[in-house]
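Numbering (UniProt numbering), first residue to last: 1 to 511.
See below for the structure under consideration.
Below is the structure:
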């Protein structure tokens, strides 16, 4: 606002000073969905990483709406799915969904809900100038909302209804079409049965074919920071079609079906979350997993899930702490020093990294073709959303520290800590090394401050350092090992020969 600024003339140049009483703390707390700056997308690890932040199949929210023919192809399906969504809930009027997001005084066109859902031109909502608290919250959730959406609140509201119902339908259909023991529990009452979803067997999305070929692409796009929908939107829409359900029950149900779709976990109770990516991140850092849940990074029904890395260049992997140099050692160096790698079986928490005795325990990680995208978006969320924490970034940094080459990947794979689904060990090492260019690890994180220090102290001991040098020099190459064994054997034979040569001179003569 111009009235909130004054201009001061100092040394013949002018500067604007903000003198408003705006509550900046409250203002900064509102955004949770960020538009990444160009250097983040095209710089750092290279322009190839730009695809990691851009949806390939479906857009959710305003940032990528209508951008690219590949995303526009999904728009007719969104309108078609809205019709299915309304019919399944007893032909609930579309106006009721709009009412849940706007003030009761808003004026709207009255149209048949089914026809309105099928015809893209029929979905029109007319609101008054004032914006409801819910709609304002949804708009404030986007850090870089374009001016056209700020001017056209009707268009923004229409987008929220279409994209929100489409996401809910994907999540709920994926839940009911799966094999879940919890389906007979409370979630069944909220989702219905698979027979309630009137999709054809040859539906391009909601079918066995779609589940195999399309849903995996949608899942990848749903975990992109720029492609998020506020969780409040999903809660509000679901609450509108299920008015008798409590907010707590709806929240728990949403968390359950989201994590089922993204990770194959049947039940989680994560509490309030900002959006799908935030919930996914919290689930990676939580111990709250049922005992019968599959690995967090590998679902046999869906294939590998995903996880993530930190990198600085190899010659930069040194830090100074308290005047002493801490050397960052690779998995091969640690192995040569006598450290054993062990996969964590007690929890599915990425923070479950511990060093005790001579064993380094790590959570199981599956590397597949979606790993890079998921990790980069999780790290971007931690970078831009103040107060989120940096646990994912710290984990990635730690993994990059111990992975320098294909030999390091080979050691981690042999211990069961890492599963490779993208090809060669060299490709995995390159993925970790390239993924986090220009990322600075937090020196105060537990992994950097405690675990890394423990590893360094262990490797610095004289015996372990000598063993590492011996292993690196003689045991890494089989020919060097054979040469060492031959030298030892030759030395033993020489000693034996010398012994028998001089022994007769000292042996007492027999009488």
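Note that the Cβ used here is the ideal one computed from N, Cα and C, for glycine as well.
*Determine, using beta-carbon pairs with one atom in the segment 52-64 and one in the segment 373-380, whether at least three such pairs fall under 8 Å.*
yes
_Assigned exposure category for residue 502 - 16 Cβ within 10 Å defines buried_ = On the chain shown, residue 502 is found 502 positions in, with the first residue counted as 1. The residue is exposed, with fewer than 16 neighbouring Cβ atoms inside 10 Å.
*In terms of residues, what are the limits of the alpha helix (DSSP H) holding residue 258?*
Position 258 of the chain shown holds residue 258. Element bounds for residue 258: 247-263.
*If residue 60 and residue 222 are in contact, beta carbons under 8 Å, what's the gap, nearest whole angstrom?*
As a first step, residue 60 must be located in the chain shown, where it is residue number 60. As a first step, residue 222 must be located in the chain shown, where it is residue number 222. Separation of the CB atoms of residue 60 and residue 222 is rounded to 7 Å, and the pair is thereby assigned contact status at 8 Å.
*Would you kindly report the start and end of the unbroken alpha helix (DSSP H) that includes residue 84?*
The residue you call residue 84 lines up with position 84 of the chain shown. Residues 75-88.
*To the nearest angstrom, how far is it from the Cα of residue 350 to the Cα of residue 343?*
Your numbering for residue 350 matches position 350 in the chain shown. Your numbering for residue 343 matches position 343 in the chain shown. Approximately 11 Å between the Cα atoms of the pair.
*Please name the residue in 272, 163, 132 whose C-alpha comes closest to that of residue 153.*
As a working mapping, residue 153 is identified with position 153 in the chain shown. The candidate whose alpha carbon is nearest that of residue 153 is 132.
*Residue environment, residue 275, which counts as buried when at least 16 other CB atoms sit within 10 Å*: For this step, residue 275 is matched to residue 275 along the chain shown. Buried.
*Tell me, please, whether the segment 160-176 touches the segment 243-258 by the rule of three or more beta-carbon pairs shorter than 8 Å.*
With the cut-off at 8 Å, the segment 160-176 and the segment 243-258 touch.
_Taking the straight line between their C-alpha atoms, what separation do you get for residue 407 and residue 164?_
The sequence position of residue 407 within the chain shown is 407, counting from 1. The sequence position of residue 164 within the chain shown is 164, counting from 1. C-alpha separation (whole angstroms): 46 Å.
*In angstroms, rounded to a whole number, what distance separates the CA positions of residue 247 and residue 338?*
Position 247 of the chain shown, counted from the first residue, corresponds to residue 247. Position 338 of the chain shown, counted from the first residue, corresponds to residue 338. Residue 247 and residue 338 have their C-alpha atoms spaced approximately 53 Å apart.
*What is the DSSP secondary structure of residue 460, counted as helix, strand or coil?*
For the purposes of this step, residue 460 is identified with residue 460 of the chain shown, where counting begins at 1. Looking at residue 460 - three-state DSSP - the assignment turns out to be helix.
*Determine the DSSP secondary structure at residue 342, reduced to helix, strand or coil.*
Counting from one through the chain shown, the residue named residue 342 turns up at place 342. Note: residue 342 maps to strand in three-state DSSP.
*asked:* Using DSSP's beta-bridge definition, name the partner residues of residue 173.
replied: Position 173 of the chain shown, counting from 1, holds the residue named residue 173. The partner list for residue 173 (beta bridge, DSSP) is empty, contrary to what the question assumes.
*Taking DSSP as the reference, what is the three-state secondary structure of residue 418?*
To locate residue 418, count along the chain shown from 1; it is residue 418. It is a strand residue.
_Quick check: residue 279 and residue 160, are their CB atoms within less than 8 Å of each other?_
Counting from 1 along the chain shown, the entry for residue 279 is found at position 279. Counting from 1 along the chain shown, the entry for residue 160 is found at position 160. Going by C-beta atoms, residue 279 is not nearer than 8 Å to residue 160.
*asked:* If you reduce the DSSP assignment to three classes, tell me which class residue 306 lands in.
replied: Your numbering for residue 306 matches position 306 in the chain shown. Residue placement at residue 306 cannot be trusted, given a pLDDT of 36 that sits under 50; the coordinates are not used to answer.
*List the endpoints of the continuous alpha helix (DSSP H) containing residue 208.*
As a first step, residue 208 is located in the chain shown; it is residue number 208 there, counting from the start. Run containing residue 208: 208-213, per the alpha helix (DSSP H) assignment.
_Quick check on residue 130: buried or exposed, where buried means 16 or more other Cβ atoms within 10 Å of its Cβ?_
By 1-based counting over the chain shown, the position of residue 130 is 130. Classification of residue 130: exposed, given that the 10 Å Cβ count is below 16.
*Is the CB-CB distance between residue 145 and residue 37 below 8 Å?*
Translated into positions along the chain shown, residue 145 becomes position 145. Translated into positions along the chain shown, residue 37 becomes position 37. Contact: no.
*Identify, in the order they occur along the chain, each residue of the same chain with its Cβ nearer than 8 Å to the Cβ of residue 139, setting aside the five sequence neighbours on each side.*
Your numbering for residue 139 matches position 139 in the chain shown. So the list reads 131, 145, 149, 150, 153, 156, once near-sequence residues are dropped.
_Opposing strand residues paired with residue 587 [DSSP bridges]_ = Any answer about residue 587 is impossible in this case: the structure gives the chain only from 1 up to 511.
*Given a threshold of 16 other Cβ atoms within 10 Å of its Cβ, counted over all protein chains shown, does residue 340 qualify as buried or as exposed?*
Working through the chain shown from its first residue, we reach residue 340 at position 340. By the neighbour-count rule (16 or more Cβ atoms within 10 Å), residue 340 is not buried but exposed.
*asked:* By the three-class DSSP mapping on this structure, what secondary structure does residue 218 have?
replied: For this step, residue 218 is matched to residue 218 along the chain shown. Helix at residue 218.
*asked:* With the cut-off set at 8 Å, would you say residue 419 and residue 367 are in Cβ contact?
replied: Numbered from 1 along the chain shown, position 419 holds the residue referred to as residue 419. Numbered from 1 along the chain shown, position 367 holds the residue referred to as residue 367. Their beta carbons are under 8 Å apart, which means residue 419 touches residue 367 by this criterion.
_My output table needs one value for residue 370: the three-state DSSP class, helix, strand or coil._
Taking the first residue of the chain shown as position 1, residue 370 is located at position 370. If DSSP states are grouped into helix, strand and coil, residue 370 belongs with coil.
*Would you kindly work out how many angstroms separate the C-alpha atoms of residue 96 and residue 238, rounded to a whole number?*
Residue numbering aside, residue 96 sits at position 96 when the chain shown is read from its first letter. Residue numbering aside, residue 238 sits at position 238 when the chain shown is read from its first letter. Near 11 Å, if we compare the C-alpha coordinates of residue 238 and residue 96.
*Of the residues 84, 199, 361, 229, which one's Cα is nearest the Cα of residue 64?*
Along the chain shown, one-based indexing puts residue 64 at 64. Residue 64 has its Cα closest to that of 229, out of 84, 199, 361, 229.
*Tell me, to the nearest whole angstrom, how far the beta carbon of residue 454 is from that of residue 381; I am working on the premise that it is less than 8 Å.*
For this step, residue 454 is matched to residue 454 along the chain shown. For this step, residue 381 is matched to residue 381 along the chain shown. About 29 Å separates the two Cβ atoms, so there is no contact after all.
*asked:* In the DSSP assignment, the alpha helix (DSSP H) including residue 513 goes from what residue to what residue?
replied: As displayed, the chain neither begins before 1 nor continues past 511, which places residue 513 out of reach and without an answer.
*According to the Cβ coordinates, are residue 162 and residue 77 closer than 8 Å?*
For the purposes of this step, residue 162 is identified with residue 162 of the chain shown, where counting begins at 1. For the purposes of this step, residue 77 is identified with residue 77 of the chain shown, where counting begins at 1. In this structure, residue 77 does not lie closer than 8 Å to residue 162 by Cβ.
_Span of the alpha helix (DSSP H), counted from its first residue to its last, around residue 139_ = Position 139 of the chain shown holds residue 139. Run containing residue 139: 133-140, per the alpha helix (DSSP H) assignment.
*Quick one: using the 10 Å Cβ neighbour count with 16 as the cut-off for buried, is residue 302 buried or exposed?*
Counting from one through the chain shown, the residue named residue 302 turns up at place 302. Because the pLDDT at residue 302 is just 42, under 50, the model does not fix this residue reliably, and the point stays unresolved.
*For residue 521, which residues of its own chain have a beta-carbon under 8 Å away from its beta-carbon, when the five flanking residues on both sides are left out?*
No answer is possible for residue 521: it lies beyond the span of the chain, which begins at 1 and ends at 511.
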